[in-house]
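>
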Ligand SMILES: [Zn+2]
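In the numbering used here, the protein residues as written are 37 to 250.
1) Based on DSSP bridge pairs, tell me the residues matched to residue 179.
2) When every heavy atom of ligand 1 is checked, does at least one fall within less than 7 Å of the C-beta of residue 198?
3) Taking one C-beta from the stretch 182-193 and one from the stretch 138-155 each time, how about it: are there three or more such pairs within less than 8 Å?
4) Taking 7 Å as the cut-off, does the CB of residue 149 come closer than this to any heavy atom belonging to ligand 1?
5) Please list the terminal residues of the continuous beta strand (DSSP E) segment that includes residue 198.
6) Which of the three DSSP states, helix, strand or coil, is assigned to residue 159?
7) Applying the criterion that 16 or more other CB atoms from any shown protein chain within 10 Å of the CB defines a buried residue, is residue 134 buried or exposed?
8) For residue 158, is the classification buried or exposed, using 16 other Cβ atoms within 10 angstroms of its Cβ as the cut-off for buried?
9) Between which residues of its own chain and residue 66 is the CB-CB distance below 8 Å, once the five residues before and five after are set aside?
10) Run the proximity test for residue 215: is its beta-carbon closer than 7 Å to any non-hydrogen atom belonging to ligand 1?
11) Rounded C-beta distance between residue 244 and residue 177? I'm assuming under 8 Å.
12) Please say whether residue 64 and residue 110 have beta carbons closer to each other than 8 Å?
13) In the DSSP assignment, the alpha helix (DSSP H) including residue 79 goes from what residue to what residue?
14) Under 7 Å: does the beta carbon of residue 72 sit that close to some heavy atom of ligand 1?
15) To the nearest angstrom, how far is it from the Cα of residue 206 to the Cα of residue 88?
16) May I have the straight-line CA-CA distance separating residue 79 from residue 92, to the nearest angstrom?
17) Does residue 152 come out as helix, strand or coil in the three-state DSSP assignment?
18) Rounding to the nearest angstrom, what Cα-Cα distance links residue 118 and residue 220 in this structure?
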């Protein structure tokens, strides 16, 4: 789906009531065409004379419409950013961007409201580049019928199922599979169902050079 501002504002109010006791003040929600994030919260830290952050202001929540995500994922992205907002607005000290407190709230919302929030929608390119853990990735690079290139990082037990789904998908013209340990792929969610993340092929190519074709 492609969300509108009105839709996101209505969802914001609903999730605010459901998950945050209606405590979060409304903030501007803006749409973006960025490919580097799905959701992102920006704000301005206000510092005292010692340079310590005393509060945060000018919150803006951005949601990218570049990715065609299912509605549940758009909602999960919005709630994910609302957790960032809650932590920043309350001035809660967390251990990292998606630290102990972030995960505690995320887990609570997942359990209480049956959501599937993850920390994989990383908010900034810098944050994504800092995730340098070496892990195994199984990837599918698809050429889409509209000429775009898409990437899917797949949970290993789902490879056969997703391969089959793409073979029958009118959106996917061809698919190539790889194994890679390049941490660059950490930024993509590990899919258990067929999803396509459009990527810029010139950005992707260097990361496929060291990959092993499956
Ligand atoms: Zn985040």
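Even glycine gets a Cβ: it sits at the ideal position worked out from N, Cα and C. Quantities reported herein were computed from a predicted structural model and do not represent experimental measurements.
Well, looking at it:
1) 185 and 210
2) no
3) no
4) no
5) Careful: residue 198 lies outside any beta strand (DSSP E), inside the alpha helix (DSSP H) at 195-203.
6) Low confidence applies here, because residue 159 scores a pLDDT of 47, under 50, leaving its location unreliable; read the following figure in that light. Coil, per DSSP.
7) buried
8) Note that residue 158 has pLDDT 47, beneath the 50 cutoff, so the model's placement of it is unreliable and no number is given.
9) 41, 96, 97, 98 and 99
10) no
11) 7 Å
12) no
13) Per DSSP, residue 79 belongs to no alpha helix (DSSP H); it is in the beta strand (DSSP E), 75-83.
14) no
15) 54 Å
16) 6 Å
17) coil
18) 26 Å
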